[in-house]
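Below is one structure, written out as structure tokens; the observations come after it.
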Amino acid sequence: MKFVFSTVALVIAGSSQSFAFTAPNSHGSAARSSNTLLRSVSSGGLSEEFGIPCEDECALDEYPNDLPKSVHPGVLSGQAMVDLLDHAKENGYAIPAVNCVSSSGINACLEAARRNDAPIIIQFSSGGSQFYGGKGLSNNNYAAAIAGAVSGAFHVRTMAEQYGVPVILHTDHCAKSLLPWIDGLIAASERYYEIHGEPLFSSHMIDLSEEPIEENLEICAEYLGRMCKIGLLLEMELGITGGEEDGVDNTDVAQEDLYSKPEEIYETYEKLMAVSPMFTVAAAFGNVHGVYSPGNVKLDPKILDKAQEYISEKLGDKAPEDKKPVKFVFHGGSGSDVSDIQEAIGYGVIKMNIDTDTQWSYWEGIKNFEAKYHDYLQGQIGNPEGPDKPNKKYYDPRECLRAAEVNTVERLEMAFKDLKCQNILGLGEMSNAENVLGPRRGGLPV
11 MKFVFSTVAL VIAGSSQSFA FTAPNSHGSA ARSSNTLLRS VSSGGLSEEF
61 GIPCEDECAL DEYPNDLPKS VHPGVLSGQA MVDLLDHAKE NGYAIPAVNC
111 VSSSGINACL EAARRNDAPI IIQFSSGGSQ FYGGKGLSNN NYAAAIAGAV
161 SGAFHVRTMA EQYGVPVILH TDHCAKSLLP WIDGLIAASE RYYEIHGEPL
211 FSSHMIDLSE EPIEENLEIC AEYLGRMCKI GLLLEMELGI TGGEEDGVDN
261 TDVAQEDLYS KPEEIYETYE KLMAVSPMFT VAAAFGNVHG VYSPGNVKLD
311 PKILDKAQEY ISEKLGDKAP EDKKPVKFVF HGGSGSDVSD IQEAIGYGVI
361 KMNIDTDTQW SYWEGIKNFE AKYHDYLQGQ IGNPEGPDKP NKKYYDPREC
411 LRAAEVNTVE RLEMAFKDLK CQNILGLGEM SNAENVLGPR RGGLPV
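Just so you know, we're using this note's numbering here: the sequence shown kicks off at 11 and counts up by one.
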């Protein structure tokens with residue numbers, strides 16, 4: 011237990027300071043030497059590091075289907091993450107990226123990924139990270155958001171291996187004012203790298219789309235230079251995603267700002283490729299956060315196709331064979347038409363964000379549970395079976411939360427299908443869980 015404390019404490023303590031950590035250098039150091047044993051012990055992931063049982067899919071060295079051998083159960087970073095994203099682009103599917111605010115939501119995502127035999131991206135916003143850390147904590151200097159994201163990262167790392175699925179661990183929109191939050195998380199990954207030889211997170215998004223493009227690209231290039239040294243990928247945004255999410259309101263943005271231009275995307279590609287290929291681009295093609303009535307959102311995926319053609323022409327003989335040099339990200343995926351989604355995948359989209367739909371599915375699971383057992387949820391004692399009958403097994407929070415998880419797993423199955431992201435790993439159907447609390451032991455059949 012001492013080692014568990016020291017590993018987590020090292021990451022959090024480092025990230026709460028003034029973010030002056032320098033990336034590992036080639037000279038070696040006493041700290042690096044002393045961590046050699048720790049890194050070798052942890053090479054099998056957190057299951058091996060902490061002695062957690064790791065059986066069946068958890069223990070796989072590679073997947074049955076024809077995936078790159080670097081792709082493994084658990085959190086991916088560096089080349090393994092790039093290999094997975096390349097596999098998605100080459101094979102015409104995109105990976106769902108779900109915003110999570112609790113361990114329950116994370117578990118639902120992991121279960122959905124395993125049931126769909128597919129990888130998944132789990133991501134935290136700054137507000138979601140703060141909530142994960144606890145709204146009772148002060149968020150001065152983004153301390154609660156940093157600690158919450160680090161805590162969530164350890165949960166994802168521990169449980170992703172158990173579910174046997176590859177996971178990309180990401181953080182969502184980070185505007186200029188939120189950069190200290192990302193600084194703290196990168197610092198945490200740098201310290202984690204010192205022990206484990208890989209970053210704590212897989213990737214981070216920096217969203218400077220509201221800034222002048224020159225400033226956007228300059229700051230993104232600076233961060234990419236720091237991040238790529240430890241295998242972190244950068245997601246950047248061009249244009250503006252409309253709608254409202256996590257306290258950012260772009261409902262009144264000018265329509266022209268919702269659509270990126272091929273020239274801007276090429277300028278971005280050229281600037282960032284000069285630093286590292288470890289980046290993706292969230293280009294705007296009419297995307298809007300939230301769900302709206304049909305006809306109110308006008309997506310134009312062909313903007314992505316035009317950009318790929320434009321950049322390929324500029325690259326000439328250096329263009330890739332598929333003529334899709336850019337890995338695109340689809341923001342505002344909730345409520346989008348399936349035809350638009352799949353057309354965008356054909357133009358190089360390898361990730362689609364989902365938040366609004368899974369917020370609703372989680373709430374709907376609780377709402378339906380309450381409606382079904384309403385008469386058993388009005389007091390601790392007394393229900394239709396008798397005035398002295400206890401209701402503990404109904405108001406136990408595990409019951410309504412599990413109902414929320416089940417409903418979210420069902421909603422995510424639609425997303426995996428829409429994104430053509432099913433049966434990717436070759437694991438087959440998920441086995442039924444054993445040794446779980448069921449009706450015979452007082453639980454409800456949720």
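Idealized CB from N, CA, C, for every residue including glycine.
Please read these numbers as outputs of a predicted model, since none were measured by experiment.
Spatial neighbours of residue i in its chain, beta-carbon cut-off 8 Å, leaving aside the 5 residues before and after
i	result
A413	G375, I376, N378, F379 and V456
M91	I178, S212, S213, G241 and L243
L387	E380, N401, Y404 and Y405
E423	A122, R125 and N126
N45	Here the model assigns N45 a pLDDT of 35, short of 50, so the residue's position is not dependable and the matter cannot be decided.
W373	A414
L518	Residue numbering for the chain in the displayed model covers 11 to 456; residue 518 lies beyond these limits and cannot be assessed.
D347	L309
E100	D332
L325	P335
Environment of residue i [buried if 16+ CB atoms lie within 10 Å]
i	result
I205	buried
R201	buried
R124	buried
A381	exposed
V442	It is worth fixing the name first, because residue 442 is Asn in this sequence and not Val. With fewer than 16 other Cβ atoms within 10 Å, it is exposed.
G102	exposed
L94	buried
N363	buried
E395	exposed
I391	exposed
S349	exposed
H384	exposed
N149	buried
V339	buried
V419	buried
A284	exposed
E331	exposed
G342	buried
V446	exposed
E65	exposed
E444	exposed
For residue j and residue i, believed in contact at Cβ under 8 Å, the rounded distance
i	j	result
M246	A292	7 Å
C110	G146	Going by Cβ atoms, the distance from C110 to G146 rounds to 20 Å, so no, they are not a contact pair.
K281	L227	5 Å
I355	K430	7 Å
Cβ pair residue i, residue j closer than 7 Å
i	j	result
S135	D182	yes
N75	G436	yes
Y233	P190	no
D310	F289	no
G55	E171	yes
K361	A104	yes
P129	P78	no
S80	E208	no
I216	C230	yes
I131	V166	no
D398	I351	no
A118	E409	no
Y173	L120	yes
S108	T368	Correcting the residue identity first, residue 108 is Val in this sequence and not Ser. Yes, the pair counts as a contact, with Cβ atoms nearer than the cut-off.
Y269	I313	yes
Residues near residue i by beta carbon distance below 6 Å, same chain, minus five either side
i	result
G158	S139, Q140, Y142 and G143
P272	K316, A317 and Y320
S371	N417, T418 and R421
L411	S114
Q168	Here residue 168 turns out to be Thr, not Gln, going by the sequence shown. Hits under 6 Å: L56.
L188	S136
R236	none
Other residues of its chain near residue i: CB distance less than 7 Å, five sequence neighbours each side excluded
i	result
V336	I275, Y279, V291, A317, Q318, I321 and G358
P407	none
S112	Y142
Q432	N126, D127, A128 and F426
K186	L218 and E221
E67	P83, G174 and L437
A98	A104, I105 and I360
E353	P311
Distance cut-off 6 Å: residue i Cβ against heavy atoms of the ligand SAH
i	result
L244	The ligand SAH is absent from the structure shown, which contains no ligand whatsoever.
**Report entry** Continuous alpha helix (DSSP H) assignments of at least 4 residues falling wholly in the segment 414-446
**Finding:** none
Query raised in the report: What are the uninterrupted segments assigned as beta strand (DSSP E) that are 3 or more residues long and contained completely in the segment 348-392, given in chain order?
Result: 359-364
Query raised in the report: Unbroken beta strand (DSSP E) runs of length 3 or more, entirely within the segment 67-144: which are they?
Result: 84-86, 105-109 and 130-134
Requested in this report: Identify every run of the alpha helix (DSSP H) within the segment 159-239, keeping only runs that are complete inside it and at least 4 residues long; order them along the chain.
Outcome: 189-206 and 223-237
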